[in-house]
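Residue numbers (the working numbering): 208 to 339.
For glycine and all other residues, C-beta sits at the position ideal for the given N, C-alpha and C.
What follows is a short report on a single structure.
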């Protein structure tokens with residue numbers, strides 16, 4: 208089983224807020240000392256999640272994308288089935304609010320869609336498993 212990584216401040220912050228139990232370890236680029244780093248490291252300390260300050264080269268070796276100075280090792284996310292989604296929606300007292308994406312291949316566009324969906328209160332984002 209290969210290690211899963213989440214990287215970039217928005218992505219790591221989202222896991223920290225929504226699924227903190229998935230966080231296993233976090234690496235932060237040396238030289239970062241802004242408020243964002245302090246709030247994340249304080250939250251990690253509160254959860255008992257180990258974190259380490261490292262050189263950019265180590266982050267570059269872990270992930271191939273733009274990491275913005277932060278990389279988190281996370282437990283695998285659960286893949287939901289159609290039946291899982293239907294059960295969740297049936298159990299909710301709110302009308303379904305879903306986002307269906309098709310043909311979004313750029314990770315930055317996908318990230319923007321996900322952040323917007325989260326801010327709008329979308330209950331689920333549906334994407335094709337592959338390009339089929």
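Counting the other Cβ atoms within 10 Å of the Cβ of residue 274 gives 16 or more, which makes it buried. DSSP places residue 305 in the strand class (E or B) of the three-state scheme.
Between residue 223 and residue 250, the gap from beta carbon to beta carbon is short of 9 angstroms.
Under the DSSP assignment, residue 231 falls in the beta strand (DSSP E) whose first and last residues are 230-236. Taken through DSSP and simplified to helix, strand or coil, residue 258 comes out as strand.
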